[in-house]
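**Q**
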Amino acid sequence: MEDSFAYAKDKWDKSHATPDLKVGDLVLVSTTNFNNIKGCKNLKDSFTGPFFIKAVYGENAVEVELSEELSNKHPTFPLRWIKPYKSSDAEKFPLRNKVPQVIPPIESSGRRKITKVLKERKLRTNQVRKYLRYSDPACEDEWLPEKDIPKATKPVRRFRQTRNNSITKSYSFLGAGNVSLKGIFIYPKDHKR
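Every letter in the sequence shown is one number past the one before it in UniProt numbering, and letter 61, counting from 1, is 61.
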């Protein structure tokens with residue numbers, strides 16, 4: 001039994017050896033946790049790079065010099081997301097060194113899509129502002145003037161509809177029928193709108 005445990009430990013240690021990484025080495029970074037890469041997840045490259053190591057933090061993390069396209073990412077990665085870069089032999093593969101490294105394109109949130117209008121506020125200057133939520137989780141909710149929001153968007157129409165329904169309430173008192181708070185309209189009970 002001890003022989004089988006020793007054999008299994010030896011096999012595991014060989015396959016799970018921590019790489020000896022030093023400052024200045026070239027490494028590849030895993031893209032499995034990059035949520036903002038365009039295209040189908042199944043077709044994207046599993047690693048991107050190579051990048052130079054700026055600093056090594058113990059046995060668990062590495063700081064990397066990222067390119068401009070990935071500059072919005074935090075440069076420190078755990079070792080399980082890092083793979084040492086092995087450059088190809090120039091004599092066997094002459095074209096590999098001439099092809100530039102392609103970095104996956106990142107989605108730019110130039111035009112943000114409004115998912116919901118949360119609140120509405122009227123200022124002293126008779127300017128109406130709306131509190132908007134965007135579909136991109138990186139964007140924060142913000143107040144925008146009504147003139148900067150397209151009027152035909154579904155979330156704005158949905159907000160107006162729910163707001164109108166909450167303002168217009170039907171009261172039935174003394175047999176007067178429905179009373180609208182928008183105006184002083186009194187409808188009979190059997191009136192259909």
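Idealized CB from N, CA, C, for every residue including glycine.
Rounded to whole angstroms, what's the CA-CA distance from residue 72 to residue 34? Just pull it up for me.
**A** Cα to Cα, the separation comes out at about 11 Å.
**Q** Please tell me whether residue 31 and residue 45 are closer than 8 Å, where the distance is taken between their beta carbons.
**A** The answer is yes: Cβ separation under 8 Å.
**Q** Might you give, ordered along the chain, the residues of its own chain that have their beta carbon closer than 8 Å to the beta carbon of residue 163, omitting 5 neighbours on each side?
**A** Only 120 meet the Cβ criterion.
**Q** Enumerated in chain order, which unbroken segments of the beta strand (DSSP E) with a length of 3 residues or greater are wholly contained in the UniProt domain "Tf2-1-like SH3-like" (24 to 85)?
**A** Fully enclosed beta strand (DSSP E) runs of 3 or longer: 26 to 30, 47 to 57, 61 to 64, 76 to 78, 82 to 84.
**Q** In or out: residue 23 buried (at least 16 other Cβ within 10 Å) or exposed?
**A** By the neighbour-count rule (16 or more Cβ atoms within 10 Å), residue 23 is not buried but exposed.
**Q** In terms of residues, what are the limits of the beta strand (DSSP E) holding residue 120?
**A** 114 to 122 is the extent of the beta strand (DSSP E) around residue 120.
**Q** Going by C-alpha distance, which of 69, 49, 78, 70 is nearest residue 63?
**A** The candidate whose alpha carbon is nearest that of residue 63 is 78.
**Q** Just to confirm my understanding: we take residue 158, look at its own chain, exclude 5 residues before and 5 after, and list those with CB closer than 6 Å. What are they?
**A** Counting only Cβ-Cβ distances below 6 Å, and skipping sequence neighbours, we find nothing.
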